[in-house]
């Protein structure tokens, strides 16, 4: 059940990704329409983060390619915004909440130019949107996990992009905040932005996403929520790893080279 | 004293130059070092500083004398080779980073010592000053060298301030940097060049063995005092200059004394003092906070005892009764009684001790928190009634009014605790 769309915002073409020699994503081929709130679902180790990182160009794929706004990522980076997983950074770093959110403006600033009043204003607006204005001057290590997550979302908002890629932005966030942020993301989608969210809770996925991508080492489904959130496809996604695929993965790992590399 | 005045009034222009040089290189290495400390790459600085020794020897052999240009170039080359090797090995082998750095440090330093010994045996009369590169000798720096070292320091500062935003990103979130299209590999490369330069300009004054301390300690000490990057850099630079000048002074007064070890002694002293006196996480502050808390628990216990007596319809307790309740805390009882009387929470007279109206209300709150927590543990966490007391003894001193309100709400204002004791509330609340 994979729905392809004409004139996609994002096109992932036959993407295979391996870590060292360990394939973690097999032949993912999908396309997404603009102005949608898209959920990426799948069990642990299904390759959800890997897909996001490959789209961002942070991981070199073994084969396949990705086009965003019909161009390679390098040409459209300032139109893409990224929320990495919260654990990927050291929150003891000496910085205030505002310092971190201002980083969202670095991309458009480019190298060597210092952020000024305009950038600080953008950052403050972004903090306002996630309800963290009162924390602007706070040291980041003093925040709770959910607040840190909101800081990262604010930083992504400060990037003022057209496509948003968010890796588990709701990990450690309480229900009330999750709902508030989902509503914010829905508003953004309505304004024509495309928002991709790696998510783990099927229940809230049902409520908020319009388009759902289901992964389990390979692409199980990609399409409008109503069509793909079926019992059969959910079982395919969450019903354990495919035994045969896992065995092939092990076989490839034992080789002295990566046979998938094109 | 005469020496002290002579040194610190800077009558001698050569002293002025040396102090200026030490200050400049101190700022440079503290700035670069603070970033590498925050990046948790402290060991790389240590490896580089040991690894420049073979380069120093090579520079000496090529020049045939102690020409600072050759020495600096040689040191830079071998430092760069060590840095390159460590990242190459990390990418292309399965060795862990610490084993790579340990091997690079010892291999390069070993080769350097062998080369140094060979040069010393060669009988070149110029060889005398070469030993000072091991532990450093700031006083031995000639004026001509200073222009080179000072110039390089200034260059480091300039590049660092230009790249401030980029280096901040490199340390905090390099993945995000890559995602927004910054050339993170090149930025890391520039940073490594600065790191090697910072080491190279320090070796004459501080020596290869201890240079890592000048890189890392200022930032580590300053981290105790601030949570912001810019003040952190400034403070690290200040600590570095201060110990640099003091170390140079010792070398000046006692000519046999190498500068490096003394700079490190002063730096460590600053770090130690920071650790003890830091206002946010210092030893003293933590000790005082703990003591304050202990005193509060003693006062709380005393008030609780008085309140429970009241529940049993006794208006007061005699001093003997109170002491019998806490037989091991005689001193603390005295201390708590004094404090509570002073705050007007208890009234002490010839008959004994009783709670004032305000004291009754405070004591009631402690007992209420204790019993509410017991109910919570029992009902929400399914803990048996005979297992809830210990935890409640701790939580009664900690719970905030907000949490109290939340507990009341969640438990729906219970009347009794799991031991069937009444949960006391003010009459206007019930």
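Residue numbers (our numbering), protein chains in the order written: chain A, 1 to 262; chain B, 1001 to 1430.
Built from N, CA and C at the ideal position, the CB exists for glycine as well.
| task | Answer with buried or exposed for residue 203/A, where buried requires no fewer than 16 other C-beta atoms within 10 angstroms of its C-beta. | result | Classification of residue 203/A: exposed, given that the 10 Å Cβ count is below 16.
| said: Out of 1401/B, 1407/B, 1374/B and 1404/B, which one is the CA nearest neighbour of residue 1391/B? | reply: Ranking the options by Cα distance to residue 1391/B, first place goes to 1374/B.
| message | Based on DSSP bridge pairs, tell me the residues matched to residue 164/A. | response | Note: residue 164/A sits in a beta bridge opposite 81/A and 195/A.
| message | Counting only C-beta atoms, is residue 1175/B closer than 8 Å to chain A at any point? | response | Yes, residue 1175/B lies at the interface with chain A (some Cβ there is under 8 Å from its Cβ).
| said: Considering only the alpha carbon of each residue, which of 104/A, 142/A and 98/A lies closest to residue 136/A? | reply: Checked all of 104/A, 142/A and 98/A; the closest Cα to residue 136/A is 98/A.
| request: Measuring alpha carbon to alpha carbon, tell me which of 1133/B, 1394/B, 1275/B and 1265/B ends up nearest residue 1372/B. | output: For residue 1372/B, the closest C-alpha among the options 1133/B, 1394/B, 1275/B and 1265/B is that of 1394/B.
| request: Along the beta strand (DSSP E) that carries residue 9/A, what are the first and last residues, could you check? | output: Run containing residue 9/A: none; DSSP gives neither H nor E here.
| What does residue 1172/B touch in chain A if you count any residue whose Cβ is under 8 Å from its own? | Neighbours of residue 1172/B on chain A, chain order: 89, 90, 93, 95, 100 and 103.
| said: I'd like to know whether the C-beta of residue 1431/B is nearer than 8 Å to at least one C-beta of chain A. | reply: Outside the shown range of chain B, which is 1001 to 1430, sits residue 1431/B, and nothing can be said about it.
| List, in order along the chain, the chain B residues whose C-beta lies closer than 8 Å to that of residue 114/A? | Near residue 114/A (Cβ distances below 8 Å), the residues of chain B are 1164 and 1165.
| task | Look at the Cβ atom of residue 1203/B, then the Cβ atom of residue 1052/B, and state whether they are nearer than 8 Å. | result | Cβ atoms of residue 1203/B and residue 1052/B: closer than 8 Å.
| message | Using C-beta distances below 7 Å, list every residue in its chain close to residue 1200/B, excluding the 5 sequence neighbours before and after it, in chain order. | response | Non-local beta-carbon contacts of residue 1200/B in its own chain, meaning distances under 7 Å to residues more than five positions away in sequence, involve 1052, 1072, 1075, 1076 and 1079 in chain order.
| said: Please classify residue 1128/B as buried or exposed, where buried requires at least 16 neighbouring CB atoms within 10 angstroms. | reply: With fewer than 16 other Cβ atoms within 10 Å, it is exposed.
| task | List the residues of chain B whose Cβ lies closer than 7 Å to the Cβ of residue 107/A, in chain order. | result | Those are 1180 and 1181, listed as they occur along chain B.
| field | From 1047/B, 1032/B, 1301/B and 1124/B, residue whose alpha carbon lies closest to that of residue 1456/B | value | Since the first and last residues shown for chain B are 1001 and 1430, residue 1456/B lies out of range.
| residue 27/A to residue 132/A, Cα distance in whole Å? | Roughly 40 Å separates the two Cα atoms.
| How many angstroms separate the CA atom of residue 1/A from the CA atom of residue 8/A? | Cα to Cα, residue 1/A sits roughly 17 Å from residue 8/A.
| message | Between 144/A, 155/A, 236/A and 109/A, which has its C-alpha nearest residue 1165/B's C-alpha? | response | The alpha carbon of residue 1165/B has as its nearest neighbour, out of 144/A, 155/A, 236/A and 109/A, the alpha carbon of 109/A.
| message | Three or more C-beta pairs under 8 Å: does that hold for the segment 41 to 57 of chain A against the segment 214 to 221 of chain A? | response | Put simply, the segment 41 to 57 of chain A touches the segment 214 to 221 of chain A. At least three CB pairs are less than 8 Å apart.
| task | Determine the chain B residues that contact residue 139/A at a beta-carbon separation under 9 Å, and present them in chain order. | result | 1227 and 1228, listed in chain order.
| request: Count the C-beta pairs between the segment 1020 to 1034 of chain B and the segment 1236 to 1246 of chain B that are closer than 8 Å, then say yes if the count reaches three, no if not. | output: At 8 Å Cβ cutoff, the stretches touch.
| field | Assigned secondary structure, residue 1229/B (DSSP; H/G/I helix, E/B strand, else coil) | value | Helix, per DSSP.
| field | Per-residue contacts from residue 1232/B into chain A (C-beta, under 7 Å) | value | Here the neighbours are 94.
| Considering only residues of the segment 71 to 125 of chain A, which uninterrupted beta strand (DSSP E) runs meet the minimum length of 3 residues and lie entirely inside it, listed in chain order? | For the segment 71 to 125 of chain A, whole beta strand (DSSP E) runs of length 3 or above, ordered along the chain, are 80 to 83.
| task | Indicate whether residue 1359/B and residue 1303/B have their beta-carbon atoms separated by less than 8 Å. | result | Going by C-beta atoms, residue 1359/B is nearer than 8 Å to residue 1303/B.
| message | I want to verify the contact list: residues of chain A whose CB lies under 7 Å from the CB of residue 1169/B, in sequence order. | response | Neighbours of residue 1169/B on chain A, chain order: 103 and 106.
| field | Enclosing alpha helix (DSSP H) for residue 1221/B [first to last residue] | value | 1211 to 1222 is the extent of the alpha helix (DSSP H) around residue 1221/B.
| message | In the DSSP assignment, the beta strand (DSSP E) including residue 67/A goes from what residue to what residue? | response | For residue 67/A, the enclosing beta strand (DSSP E) begins and ends at 63 to 68.
| In three-state DSSP terms, what is residue 1326/B? | Looking at residue 1326/B - three-state DSSP - the assignment turns out to be coil, as it is neither helix nor strand.
| field | First and last residue of the uninterrupted beta strand (DSSP E) at residue 41/A | value | It spans 37 to 41 - the beta strand (DSSP E) in which residue 41/A sits, taken as one unbroken run.
| What do you reckon, are the CB atoms on residue 149/A and residue 171/A nearer than 8 Å? | Yes, these two residues count as a Cβ contact at 8 Å.
| request: Could you please give me the residues that DSSP links to residue 1159/B through a beta bridge? | output: Answer is none; residue 1159/B lacks a bridge partner.
| Are the CB atoms of residue 5/A and residue 209/A nearer to each other than 8 Å? | For residue 5/A and residue 209/A, no; Cβs fall outside 8 Å.
| query | Is the shortest distance between the beta-carbon of residue 1154/B and the beta-carbons of chain A less than 8 Å? | reply | In terms of beta-carbon proximity, residue 1154/B stays away from the interface with chain A, with every pair separated by 8 Å or more.
| field | Opening and closing residue of the alpha helix (DSSP H) in which residue 1111/B lies | value | Counting along the chain, the alpha helix (DSSP H) containing residue 1111/B begins and ends at 1097 to 1121.
| said: Three or more C-beta pairs under 8 Å: does that hold for the segment 1289 to 1297 of chain B against the segment 1311 to 1320 of chain B? | reply: Taking 8 Å as the limit for Cβ pairs, the verdict is that the segment 1311 to 1320 of chain B does not touch the segment 1289 to 1297 of chain B.
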